[in-house]
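All residue numbers for the sequence shown refer to the working numbering, where the first residue is 27 and numbers rise by one.
Glycine included, C-beta positions come from ideal geometry on N, C-alpha and C.
All remarks here apply to the structure that follows.
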Amino acid sequence: MTRSKQSRWQLTGWATGLAAAMATAVAGATAVAGATPAASAEALPDPRPLGAKVFKGWAFDTCHAPSLATLRAWNSSRYRAVGVYYAGRGRACASQPNLTVSWMRGVKSMKWHVLPIFVGSQSPCVRNTNKKHVPIGGKPFSQGQAEGKDAVARAKALSLKKRSALYLDMEAYDLKRTSCAAKTLSFIRGWNREVRSRGFFPGFYSSAESGVRHVEQARRAGVHDLPSVMWFARWNGKPSLYGESTLAKSAWKPHRRIHQYRGNVDVTHGGRTLRIDRNKVDAPVAIIK
């Protein structure tokens, strides 16, 4: 999501004429994955009675999980949740020396919350050149399921309980390449199905003008196995959970949205500086044992 190796492509100004291509991509994705149309519920149920732990407030994500000492210093900030890249073959910051079970429990003891981010295989038409080395393969749905299984196993190894949210990071991709878009959506659906079947909430992070627009079109088309939570990146500097133009106002609510509204900014609190993305959150987080 951030930093030079985890850079976010903010796609703006190219959405004109996309609707027709999107319709084709969604139809293709349904055919490729063997999906059947489903009633497209305009609003999902409140996740809290389903066992979710919902956090409402401000969060940041950063490439390397910060130390507990840094989070303690950041207690002076308004932030109370942190996004961490805990697993996935597409992670830019694969080395995470702070990310251990004791770190998770230390975060919990300080009353911080965790947004676990899984950066797995990426779209074959991904725009970020640093992600082209981990493309989705020829069996996208089953590959998504396999990586979803891995996402859950890695989360459990870090002492995360069922009903935690796990967020799939899909970097921005070219929606006008309809066969590629269909393959990408199939992978996303496979990942969601597997994570959900194992008792976790599958969340989805992407650019508002790419993956988020794509999944919203799929929702309107009645496609199954979509994310439970939507984390959309639109770096306009104005946090707005329910004002995003690519999402229906009634979709992914209540308590199912995160807006990443600014990225790659250096911020200092308590004498500790981090390069972060800024987020407004009303969504499920990790449940730590």
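Would you grab the beta carbon distance between alanine 179 and phenylalanine 226 for me? Rounded to a whole angstrom, and I think it's under 8 Å.
Not quite, the Cβ-Cβ distance comes to about 11 Å (not below 8 Å), so this is no contact.
Write down the C-beta distance between leucine 252 and valine 241 rounded to the nearest angstrom, noting that I regard them as a contact closer than 8 Å.
6 Å
Give me the Cβ distance between proline 310 and alanine 78, rounded to the nearest whole Å; I'm assuming they're in contact under 8 Å.
4 Å
Give me the Cα-Cα distance between histidine 285 and methionine 256, rounded to the nearest whole angstrom.
9 Å
By the 10 Å Cβ neighbour count, where 16 or more other Cβ atoms means buried, how is glycine 289 classified, buried or exposed?
buried
Could you tell me the distance, in whole angstroms, from the CA atom of tryptophan 100 to the CA atom of glycine 296?
6 Å
Is DSSP giving glycine 163 helix, strand or coil here?
coil
Run the CB neighbour count on methionine 27, radius 10 Å, all protein chains shown included, and call it buried at 16 or more, exposed below.
buried
Return the first residue and the last residue of the alpha helix (DSSP H) that isoleucine 24 is part of.
What is shown of the chain runs 27 to 315, which leaves residue 24 out entirely.
Provide the residue span of the alpha helix (DSSP H) that contains glutamine 243, from first to last.
239-246
Pair within 9 Å by beta-carbon distance, phenylalanine 213 and phenylalanine 167:
yes
Looking at alanine 277 and leucine 76, is the spacing between their C-beta atoms short of 9 Å?
no
Kindly identify the DSSP beta-bridge partner or partners of glycine 109.
Asp87, Leu141
Neighbour-count burial assignment, glycine 116, 16 or more Cβ in a 10 Å radius:
buried
Measure the alpha-carbon distance for phenylalanine 144 versus proline 228 and round it to whole angstroms.
10 Å
Output yes or no for whether 9 Å exceeds the beta carbon distance between glutamate 235 and glutamine 171.
no
Say whether the segment 130-140 touches the segment 194-208, bearing in mind that this needs 3 or more beta-carbon pairs closer than 8 Å, one atom from each stretch.
no
Check whether the Cβ atoms of leucine 211 and tyrosine 112 lie closer than 9 Å to each other.
no
Aspartate 292 burial status per 10 Å Cβ neighbour count (16 or more: buried):
exposed
Do you know how far the Cα of arginine 104 is from the Cα of serine 232?
24 Å
Less than 9 Å between the beta carbons of lysine 175 and arginine 224, yes or no?
yes
Name the two residues that bound the continuous beta strand (DSSP E) containing alanine 325.
Absent from the model: residue 325. The displayed extent of the chain is 27 to 315, so no value can be given.
Mind checking whether alanine 85 and asparagine 262 have CB atoms under 9 Å apart?
no
With H, G and I counted as helix, E and B as strand and the rest as coil, what does DSSP make of leucine 97?
helix
What's the call for aspartate 72, buried or exposed, on a 16-neighbour Cβ count within 10 Å?
exposed
Is the CB of phenylalanine 167 under 9 Å away from at least one CB in chain B?
Going by chain labels, chain B is absent from the structure shown, which holds only one protein chain.
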